[in-house]
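First up is the structure itself, then whatever we jot down about it.
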Amino acid sequence: MHQMKHEDWKDTKMTLHLLSQILGKVRLEMAEQQPQWAHVMLPLTPGGFTTGRLYHNDRCFSIELNVLEHKIIVTCEGEHAVIPLEDGTTIQSYYRQLTAALEQLSCPVSIFTKPQEMTYVTPFELCTDVFTYDPELAASGFRLFQQAERELAAFLAPLRTRKIMPALFWGTFDVSGLIVSDRYEPFPEDKVIEKGAFDEQFIEFGFWTGDGQVNEPTYFVLPYPFLFQELTTGALEPQDAWYDASLSEAFYRGDDVQTFLKSSFTLLAEELGWEKTDHTFRQLTMPFQKNRR
C-alpha cells in the first residue's frame, strides 16, 4: 500500500502528538478508570480525536482535536471555545489557551504536564519551541489513522470475546485495540504505566505511522505476556507479513489487513495457550446492514 511516510510529515505529526498528549492527560484525570488504561484512549471522530464525554462535578464537557477543520474545540453544557491550529504556534500557547478555556467554562483540570513515552520531555507550560502545522499534511496523516481504525474495527467488532475497540494511544501515538483474556498476568517490574497496562493476558492489534528509525507506516500485533521467541504454531499470512522474535511482534505493510489480523490472532492465541477461541469467530446472527459499504 502506498502511504505517507513518517519523514513526509514528521514535524506536523510531532505537533499533533503533543496536542493529543494534552487531551489524553485531561482524560486520564477525569474519566472512570478501566483495565489496560482503556479509559485514557482518545476515540476518533469524523475529523480528529476526542476526549469523549467527561464530567467536572455536574458539568459535562469534551475536547476535540479536529484535524480536518484545524482547530481544538472545547464544549461544555452548550457553550464552546475554539482554538485554531496554526503553523508556528507553541505548545505553551496551546496549553495556556486550552487551560483558560476550561476555566472559563467552569471545568478546570490540573494535569501532569510532562510528555509521556516520548523523547521530547519539555513540560507543556514551558514548551516555547516553534512547532510546524501544515494543514494538508495533518489531514493526510489523520486519514491514515482513520483508515486503520476502520480496518481494526472491522476485525474486532464482530468477535465474541472481551475486547477494547480501537482508539488513539496518545503515549505511543498509534491506533490500537485489544482482545483481553481472563488470565491475570501482573507485570514483573515496578513501572506505573506498564503495571496498569500489562496485568492480564491480551493480544494488541494496532497501526503505527513510524518514527526516525522506521519510516513506513505499519500494522502490528503484540501478545502479552511477551514471547521473545520464534513462533512454533505456524506461519503468518499473508506471505509478506513477518514476526520479529526480538520485539515479540508481528508486522505487516500490505493491503490484506484482515488476513494478517486473523492469522496473527490465531497463531499468537495458540502460542499463549488460550483455549476455546473457535467461539470468538462464530458468525453473528443479525440481519445484513444493507447501507454499509
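Per this note's numbering, residue 1 is the first one in the sequence shown, and the count goes up by one each step. The beta-carbon is built from N, C-alpha and C at its ideal position, and this holds for glycine as well. Note that the structure is predicted; figures quoted are calculated from it, not measured.
Reduced DSSP secondary structure (H/G/I, E/B, other) of residue i
| i | result |
| --- | --- |
| M1 | Low local confidence applies: a pLDDT of 48 at M1 is under 50, so the model's placement there is unreliable, and no value is given. |
| E271 | helix |
| P186 | coil |
| Y252 | strand |
| H70 | coil |
| I111 | coil |
| R59 | strand |
| L137 | helix |
| L19 | helix |
| W170 | coil |
| L54 | strand |
| Y95 | helix |
| K276 | coil |
| V130 | strand |
| T161 | coil |
| S181 | strand |
| K290 | coil |
Cβ-based burial, residue i [other Cβ within 10 Å; buried from 16]
| i | result |
| --- | --- |
| P166 | buried |
| H17 | buried |
| F112 | exposed |
| E32 | exposed |
| P108 | exposed |
| D58 | exposed |
| A197 | buried |
| D182 | exposed |
| R226 | Contrary to the premise, residue 226 reads as Phe rather than Arg in this sequence. The residue in question, F226, is exposed, as its Cβ has fewer than 16 Cβ neighbours within 10 Å. |
| M41 | buried |
| Y120 | exposed |
| A154 | exposed |
| V192 | exposed |
| F251 | buried |
| G273 | exposed |
Close Cβ partners of residue i (< 7 Å) along its chain, the five nearest in sequence each way excluded
| i | result |
| --- | --- |
| Q3 | L144 and P217 |
| G88 | V130 |
| Q146 | L44 |
| T75 | F61 and S62 |
Those residues which DSSP pairs with residue i across a bridge
| i | result |
| --- | --- |
| P84 | K71 |
| F155 | Per DSSP, none; premise fails for F155. |
| L44 | F49 |
| Y224 | F202 |
| S176 | A167 and G206 |
| E79 | C76 |
| L65 | F49 and I72 |
| Y219 | F207 and Y252 |
| Y312 | Since the first and last residues shown for the chain are 1 and 293, residue 312 lies out of range. |
| T90 | V130 |
Contacting residues, own chain, Cβ-Cβ under 8 Å from residue i (five flanking each side not counted)
| i | result |
| --- | --- |
| P43 | F49, T50, G52, A167 and L168 |
| H6 | K13, T209, G210, D211, G212, V214, N215, E216 and P217 |
| S246 | F228 |
Cβ shell of residue i (< 6 Å), same chain only, five flanking positions each side left out
| i | result |
| --- | --- |
| H70 | L85 and P135 |
| E194 | F187 |
| E151 | V257 |
| M1 | With a pLDDT of 48 at M1, under the threshold of 50, the predicted position of this residue should be treated as unreliable, though the coordinate-derived value follows. Excluding positions up to five away in sequence, the list reads D255. |
| E204 | S176, L178 and L222 |
| V82 | K71 and I73 |
| S301 | A query on residue 301 cannot be resolved here, the shown segment of the chain reaching from 1 to 293 and no further. |
| E270 | T233 |
| H56 | C107 |
Rounded Cβ spacing between residue i and residue j (contact assumed at less than 8 Å)
| i | j | result |
| --- | --- | --- |
| I22 | Y133 | The pair is not a contact, with the Cβ atoms about 15 Å apart (cut-off 8 Å). |
| L126 | Q92 | 7 Å |
| F260 | Y224 | 19 Å between Cβ atoms; not a contact. |
| E79 | L105 | 6 Å |
| Y20 | W242 | The residue asked about is misnamed: residue 20 is Ser in this sequence, not Tyr. Actually they are not in contact, since the Cβ atoms of S20 and W242 sit about 29 Å apart, beyond 8 Å. |
Test: residue i CB closer than 9 Å to a CB of chain D
| i | result |
| --- | --- |
| C107 | Although the question refers to chain D, the structure presented lacks it and comprises just one protein chain. |
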